Amino acid sequence: MAKIEKQEREAPERREPVWDYATAPEATDIVRLEDRYGLFIGGEFVEPKSGKYFQTINPATEEVLAEVAEAGPEDVDLAVRAARHAHEKYWRALPGSERAKFIYRIARALQERAREFAVLETMDGGKPIKESRDVDLPLAAAHFFYYAGWADKLEYAFPNRRPHPLGVAGQVIPWNFPILMAAWKIAPALATGNTVVLKPAETTPLTALLLAQVIQEVELPPGVVNIVTGAGETGSLVVTHPDVNKVAFTGSTEVGKTIRRALAGTGKHLTLELGGKAANIVFDDATLDQAVEGVINGIFFNQGHVCCAGSRLLVQEPVFEPLLEKLKERLQTLRVGDPLDKNTDVGAINSRQQLERIEELVASGVQEGAEMYQPECNLPERGFWFRPTLFTNVSQSHRIAREEIFGPVLSILTFRTPAEAVEKANNTPYGLSAGIWTDKGSRILWMAQRMEAGVVWANTFNRFDPSSPFGGYKESGFGREGGLHGLEPYLDFDGGGD
Ligand code: NDP
């Protein structure tokens, strides 16, 4: 006995080995940045008549990447004129099969240069390279492929309705999926015979400008796609230009409302894809480990800068404790940091302004009495970062349960019955998406019928496919992008409009 005790005392202390990933940075030498970028108008890069430029930075390092032209009224006017001229001179009369060839070329060029695009997207926007490489670029190419396929089949898509293009489309996109949103906007517009003036977001213009180079290389007729960079003022000039026939906007509900007011009575066609506050609903019969992955993906994918993010988790009471424990454990394993590292799960917040907005809303959550949990993690010294965050003790009146945070922040609420889940899920001015986690098919259908949301995912989340329509209800906007539905907003069917 004495011997055993001695052995125990002398046994070396056993420690769990600490395993960590070695860094795996993606090289950036494939990207050739220019010091200054002009506007892409009439198939050429031109200096802005405004004479103004602004800087675009890497949000992970705060380094300036390039100077980019800021389009003023004269520039936007030139871009719209170029688009009008291209529409009348070549594009509207070109057979669909010929338009398709150009769109296929763009799709193939995106695939061929996917790595270059992905690295640039990550440098300019802060999203993890594994997401830009595995999600944004493949989906952007898939959108061009998909809509190229429709270009010569419009008569079959809309039998007996005589589809006609609308003319010039003014398109304004946000900073969360820069190249993917450009693809969502440009591909259906071109397939339906419209020409385009696109305004990328101020903080993420570089991949749209690289796309402009691709457009030059595939010899798309000059002026069919024009890209004008700038901030909100430039966006406003594009959407209010009197010679723009169709406006497609993705961004905040606030700006969407401003645009709708500005366009009222002008006869312009409009689609709005705006904010969201999606409920991700976990029932007590769900496979919890699978649900945990879906919840994590739902809110931490792209740092939560996702309009359809599952930012409100509704958990059925019996599984609240075990699910929370698993979520906290999983949060500890998320790797936050250098977006160019292939192991990174959560990259940089897109801008200082967005970081401040997240911080302000999170502070309101603490102040209003919700309980915050953040994992231990070392954040880089420079750049814009926010720890993955969970809130429990959240009530429906809290700002963090009502407002779009657009960051890596999850608000967790509970429910007892399916009816209560429906009530809580729909208790929002938004209606973009929802997620349902349950073992029962009948419950999925019952819930999906009652969700006021444009997209309902079951036992999965954040799945996108070019053939599937996407869009919102209520303050999340109107109109659909993707699929056959995504062609319709770019067409007129009454025999006019062209
Ligand atoms: P905005 O809605 O301001 O930006 C979206 C796009 O619209 C950008 O290209 C922007 O230009 C442009 N824009 C801004 N004002 C006007 C205007 N009056 N007329 C036409 N275009 C305009 O979003 P923010 O970047 O300001 O983000 C604020 C909040 O909006 C976020 O915190 C998030 O909650 C939400 N948001 C939601 C998105 C979604 O997809 N649901 C996407 C982006 C933001 P620029 O950025 O260059 O100034």
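According to the numbering used here, numbering within the sequence shown proceeds without interruption in unit steps and concludes at 498.
Just so it is clear, CB atoms sit at the ideal spot from N, CA and C, and this is done for glycine as well.
Note that this is a predicted model, so its numbers are computed, not measured.
Chain D contact for residue i (CB, 8 Å cutoff)
i           : result
residue 309 : Note that chain D does not occur in the displayed structure, where there is just one protein chain.
Length of the line joining the Cα atoms of residue i and residue j
i           : j           : result
residue 365 : residue 155 : 52 Å
residue 168 : residue 141 : 23 Å
residue 266 : residue 185 : 21 Å
residue 408 : residue 64  : 25 Å
residue 472 : residue 61  : 35 Å
residue 469 : residue 393 : 35 Å
residue 90  : residue 221 : 7 Å
residue 498 : residue 252 : Confidence is the limiting factor: at residue 498 the pLDDT is only 41, short of 50, which leaves the residue's position unreliable, though a coordinate-based value still follows. When rounded, the distance between both Cα atoms is 31 Å.
residue 424 : residue 415 : 8 Å
residue 207 : residue 304 : 21 Å
residue 439 : residue 286 : 5 Å
residue 385 : residue 379 : 7 Å
Pair within 8 Å by beta-carbon distance, residue i and residue j
i           : j           : result
residue 388 : residue 334 : yes
residue 179 : residue 26  : no
residue 464 : residue 139 : yes
residue 199 : residue 225 : no
residue 477 : residue 274 : yes
residue 308 : residue 455 : yes
residue 170 : residue 218 : no
residue 467 : residue 146 : yes
residue 87  : residue 195 : yes
residue 116 : residue 30  : yes
residue 486 : residue 188 : yes
Residue i classed as buried or exposed, judged by whether at least 16 other C-beta atoms fall within 10 angstroms
i           : result
residue 431 : buried
residue 493 : exposed
residue 18  : exposed
residue 395 : exposed
residue 369 : exposed
residue 481 : buried
residue 97  : exposed
residue 339 : buried
residue 174 : buried
Residue nearest to residue i in terms of C-alpha spacing, selected from the options
i           : options               : result
residue 205 : 456, 309 and 55       : 55
residue 114 : 149, 136 and 65       : 136
residue 256 : 191, 24, 276 and 68   : 276
residue 120 : 40, 106, 58 and 45    : 58
residue 337 : 466, 23 and 17        : 23
residue 574 : 118, 427 and 212      : Residue 574 falls outside the range modelled here, since the chain spans only 1 to 498, and no answer is possible.
residue 356 : 405, 369, 331 and 321 : 405
residue 413 : 215, 174, 377 and 280 : 280
residue 32  : 118, 196 and 108      : 118
residue 514 : 187, 341 and 459      : Any answer about residue 514 is impossible in this case: the structure gives the chain only from 1 up to 498.
residue 183 : 243, 165, 435 and 210 : 210
residue 46  : 228, 462 and 233      : 228
residue 324 : 293, 345 and 353      : 293
Inter-stretch contact (C-beta, 8 Å, three-pair minimum) for the stretch 341–354 and the stretch 117–127: yes
Any 3 or more C-beta pairs closer than 8 Å across the stretch 308–323 and the stretch 99–117: Contact fails between the stretch 308–323 and the stretch 99–117, because fewer than three Cβ pairs, one in each stretch, are under 8 Å apart.
Three or more C-beta pairs below 8 Å linking the stretch 42–57 and the stretch 69–81: Yes: at least three Cβ pairs fall under 8 Å.
Contact the stretch 36–50 vs the stretch 75–89: 3+ CB pairs below 8 Å: Yes, the stretch 36–50 touches the stretch 75–89.
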